[in-house]
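Colleague: Going down the list, the sequences are from chains S and Z.
In terms of this note's numbering, the first sequence opens at residue 12 and continues consecutively.
In terms of this note's numbering, the second sequence opens at residue 104 and continues consecutively.
Yeah, the Cβ is synthetic: ideal placement off N, Cα and C, and Gly gets one too.
This one's a predicted model, so the numbers in the text were calculated from it and none came from an experiment.
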Amino acid sequence: MSLRSPLGRVLGLGTAKDGTAHWWGQRLSGIALVLLGLWFVVSVATMPGFSHGAAVAFIGKPFNAVLLMLLSVTMAYHSWLGVQVVIEDYVHSNGLRVASLIFSRFAHIFFAAVALFAILRLGIGA
Amino acid sequence: MNPNDRPLSPHLSIYRWPVTMVSSILHRATGVAMSVGFVLFVFWLADTASGPEAYAVFADAMGSVFGRILLIGWSWAFFYHLSNGIRHLVWDAGHGFEKGQANASAWIVLAASVVLTVIFWVLLS
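(1) Any beta carbon from chain Z within less than 8 Å of V125(S)'s own beta carbon?
(2) Between S178(Z) and the rest of its own chain, which residues show a CB-CB distance below 6 Å, the 5 nearest in sequence each way excluded?
(3) Starting from the beta carbon of D195(Z), find every residue of chain S whose beta carbon is closer than 7 Å, and list them in chain order.
(4) For A214(Z) and G199(Z), I'd like the C-alpha separation in whole angstroms.
(5) Can you have a look at F141(Z) and say buried or exposed, based on whether 16 or more other CB atoms are within 10 angstroms of its CB?
(6) What does a CB cutoff of less than 8 Å around V55(S) pick up in its chain, not counting 5 residues either side in sequence?
(7) Answer yes or no: do G36(S) and L92(S) have a C-beta to C-beta separation smaller than 8 Å?
(8) Below 9 Å on C-beta distance, what does A76(S) contact in chain Z?
(9) Do you know offhand how far A124(S)'s Cα is from S104(S)'s?
(10) Pick out whichever of L143(Z), R109(Z), L192(Z), T123(Z) has its Cα sitting closest to the Cα of G176(Z).
(11) Where does the unbroken alpha helix (DSSP H) through W120(Z) begin, and where does it stop?
(12) Look at the alpha carbon of A118(S) and the alpha carbon of S216(Z), and state the distance between them as a whole number of angstroms.
(13) Beta-carbon separation of V135(Z) and V97(S) under 8 Å?
(14) Can you tell me whether G64(S) is helix, strand or coil according to DSSP?
(15) Measure the C-alpha to C-alpha separation of K72(S) and S115(S) and round it to an integer number of angstroms.
(16) Given Q95(S), which residues of its chain have a CB within under 7 Å of its CB, disregarding the five upstream and five downstream residues?
(17) Alpha carbon to alpha carbon, how far is T31(S) from G120(S)? Give it in angstroms, no decimals.
(18) For W194(Z), which residues in the same chain have their Cβ closer than 7 Å to its Cβ, ignoring the five residues on either side in sequence?
(19) Nearest CA to the CA of V225(Z): which residue from H89(S), A126(S), I42(S), V53(S)?
(20) From L174(Z) to G166(Z), what distance separates their C-alpha atoms?
(21) Report the CB separation of T254(Z) from A205(Z) in whole angstroms; it is logged as a contact under 8 Å.
(22) Pull up the CB-CB distance for N187(Z) and S126(Z), whole angstroms please, since I reckon it's below 8 Å.
(23) For I229(Z), would you say it is in contact with chain S, using Cβ-to-Cβ distances shorter than 8 Å as the test?
(24) Can you grab the Cα-Cα spacing for the pair I70(S) / A164(Z), in whole Å?
(25) Could you round the C-beta distance between L127(S) and L78(S) to whole angstroms and report it? I think they count as a contact, below 8 Å.
(26) Quick check: is any heavy atom of the ligand GTP less than 7 Å from the C-beta of S186(Z)?
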């Protein structure tokens, strides 16, 4: 016998109320990162040198700039989800856990914003 | 008998690690390492956008022996997490759960991560 109501079962949300959103977001961003990540390491491995000029030329190309923006945002999202689970697993004091979760979320959004600004600046040409 | 003298089992220090356990721990460890690597990636973008002086500081730090060791470590972490992530996606699709299959895929992932890291650095140099 299940203690869950028929409505609760059909919605499938469990006690956390957000169901499988975290799981699904992690898989989906993981699949995206397989493609974006492989593109990035192949691009880096075949880059013509590592001078400042070479980096500016690479990031500034419209195609690269768009993929780098997607990579930055997807990486920040995937990393945020992963770090969240690690914090929830290992930080047991309530206050410290909530503080760490807030800090991690802010930090991920901050670095994503820095990445997007830098790419746009090189892509549009400052 | 003193309760403290009772045998403990399985004790961590004498526990033989199954390869699937190693692969699971490494997946989390390489993930955390790459969260730090993400900050480095953002520094690369930001220092490139800031100009040649900022870029030179970044390039010097990464070109040092310590920087290169970190970069090799991060590249291996990337290839490990990538390979093992695909292994997780196969599990999510409902395949590969038999003990023999899980052990074999753990070894394949470990081997693939090393081979891909070597190929990456050979292409790079």
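Modeller: Reading from the atomic positions:
(1) V125(S) counts as touching chain Z.
(2) For S178(Z), the CB contacts under 6 Å within the same chain, skipping 5 residues up- and downstream, are T220, F223 in chain order.
(3) The answer, in chain order, is R38.
(4) Each residue's Cα considered, the two are about 18 Å apart.
(5) Counting Cβ neighbours within 10 Å, F141(Z) comes out buried, since at least 16 surround it.
(6) Spatial neighbours of V55(S) in its own chain (CB-CB distance under 8 Å, excluding positions within 5 residues in sequence) are not present.
(7) Yes, these two residues count as a Cβ contact at 8 Å.
(8) Here the premise fails: no neighbours, minimum Cβ distance about 10 Å.
(9) Within the model, the alpha-carbon separation for A124(S) versus S104(S) is close to 30 Å.
(10) When C-alpha distances from G176(Z) are compared across L143(Z), R109(Z), L192(Z), T123(Z), the shortest belongs to L143(Z).
(11) Here W120(Z) belongs to no alpha helix (DSSP H), and DSSP marks it neither H nor E.
(12) Taking C-alpha positions only, A118(S) is separated from S216(Z) by approximately 29 Å.
(13) The beta carbons of V135(Z) and V97(S) sit closer together than 8 Å.
(14) In the three-state reduction of the DSSP assignment, G64(S) falls in the helix class, which pools H, G and I.
(15) In a straight line, the C-alpha of K72(S) is about 31 Å away from that of S115(S).
(16) In the same chain as Q95(S), and ignoring 5 residues on each side of it, the C-beta atoms closer than 7 Å to its own belong to L112, S115, in chain order.
(17) A small correction: the amino acid at residue 120(S) is Ile; Gly does not occupy that position in the sequence shown. Whole-angstrom Cα-Cα distance: 22 Å.
(18) Sequence-distant Cβ neighbours of W194(Z) in its own chain, meaning closer than 7 Å and more than five residues away, are F200.
(19) Ranking H89(S), A126(S), I42(S), V53(S) by Cα distance to V225(Z) puts V53(S) first.
(20) Taking the straight line joining both Cα atoms gives about 9 Å.
(21) Only positions 104 to 228 of chain Z appear in the structure, and residue 254(Z) is not among them; the question remains open.
(22) About 6 Å; that satisfies the 8 Å criterion.
(23) Residue 229(Z) lies beyond the residue range present for chain Z, which begins at 104 and ends at 228; the question has no answer from this structure.
(24) Between the C-alpha atoms of I70(S) and A164(Z) there is a straight-line separation of about 20 Å.
(25) Going by Cβ atoms, the distance from L127(S) to L78(S) rounds to 13 Å, so no, they are not a contact pair.
(26) By its list of ligands, the structure shown contains no ligand whatsoever, and the ligand GTP lies outside what it can speak to.
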